[in-house]
Amino acid sequence: MKRTRALATLRRSWRLLRSFRFEQTAPAIFYGGLAEDTAALVDALSRDQSLSLTGARVLDVGGGPGYFASAFAQRGASYVGLEPDVGEMSAAGIEVAQAVRGDGTRLPFADDTFDITYSSNVAEHIPNPWDMGEEMLRVTKPGGLVIVSYTVWLGPFGGHETGLWEHYVGGEFARDRYTHRHGHPPKNVFGTSLFALSAREGLDWARRESSRGSELVAAFPRYHPWWAWWVLKVPVLREFLTSNLVLVLRA
């Protein structure tokens, strides 16, 4: 994990934290920076596993409107973005040569198709995220990487745009308070497009898959500097201090 740790600096953490305020008001700023960070992270994880993005077939499950495509293309990867919502695919006006509309829990690809399969901030938006995880493993070649990164519910950003504390009272409360204050429901509606997903659930899934033949090679808080990764080792505490969990499995 030498390269991945080198990437996880306090300066990077601060830069990403500052960018969160633009998610709703200026998505190109937020998602453009997140796309570059995601590609850099996947590149570092790949190199730490003696793999390379150059020439690799990469599947982005829940790729959205295409912000991530150019960041991966610049690193020599053959990028395929999958998104279930046609409106989301066209929201930014970005044309992606290999964009597929489909369901992450029923991927429209053959077994062992991709070298690297990843999902960034999707698992918390679907009711059955580990079905998606199993599908990602299915379409990944033996020896390839599956990377799942998602927002932890009890972390500071678990409520997404509904607030920094309201979701601790309850998802329904946060949703209804946002609707009352703004006059319309939030983009991420609790119980419909936002779910309470814990760090423990992700770790349990990854360990189950490891017992079935895959290998859990890394698990860490995505936006923390490397010297703060220890929080993931402490039950309960990790639920509140891990804003985003990264799970890395070798298929």
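Note that the numbering used here gives residue 213 to position 7 of the sequence shown, counting from 1, and the numbers run on in steps of one.
C-beta atoms are modelled at their ideal positions from N, C-alpha and C, and glycine is treated no differently.
Bear in mind the structure is a predicted one, so any value in this text is a computation, not a measurement.
Task: Segment limits, alpha helix (DSSP H) that includes ASP410 - done: 405-417
Task: C-alpha distance - ILE322 paired with HIS386, whole-angstrom precision - done: 42 Å
TODO: Give the range of the beta strand (DSSP E) segment to which PRO427 is assigned.
DONE: 421-427
Task: Beta-carbon spacing of SER252, TYR429 below 8 Å - done: no
Open item on the list: Please give me, in chain order, every unbroken run of the alpha helix (DSSP H) with length at least 4 that falls completely inside the segment 278-359.
Closed with: 292-295 and 335-344
Task: Unbroken stretches of the beta strand (DSSP E), 3 residues or longer, contained in the segment 243-268 - done: 263-267
Task: Backbone CA spacing between LEU240 and LEU222 [nearest angstrom] - done: 8 Å
Open item on the list: Can you tell me whether ASN334 is buried or exposed? The criterion is at least 16 other CB atoms within 10 Å of its CB, across all chains shown.
Closed with: exposed
Open item on the list: Three or more C-beta pairs under 8 Å: does that hold for the segment 367-381 against the segment 343-352?
Closed with: no
Task: C-beta atoms of LEU451 and VAL358 nearer than 8 Å - done: yes
Open item on the list: I need the boundaries of the alpha helix (DSSP H) containing LEU400, first residue and last residue.
Closed with: Run containing LEU400: none; DSSP gives neither H nor E here.
- [ ] Please classify LEU451: does DSSP put it in a helix, a strand, or coil?
- [x] strand
TODO: Please name the residue or residues paired with ARG456 in a DSSP beta bridge.
DONE: LEU351 and GLU421
- [ ] For the segment 367-398, list the alpha helix (DSSP H) runs that are entirely contained and at least 4 residues long, ordered along the chain.
- [x] 372-375 and 377-388
Task: LEU257 beta carbon less than 8 Å from that of PHE278 - done: no
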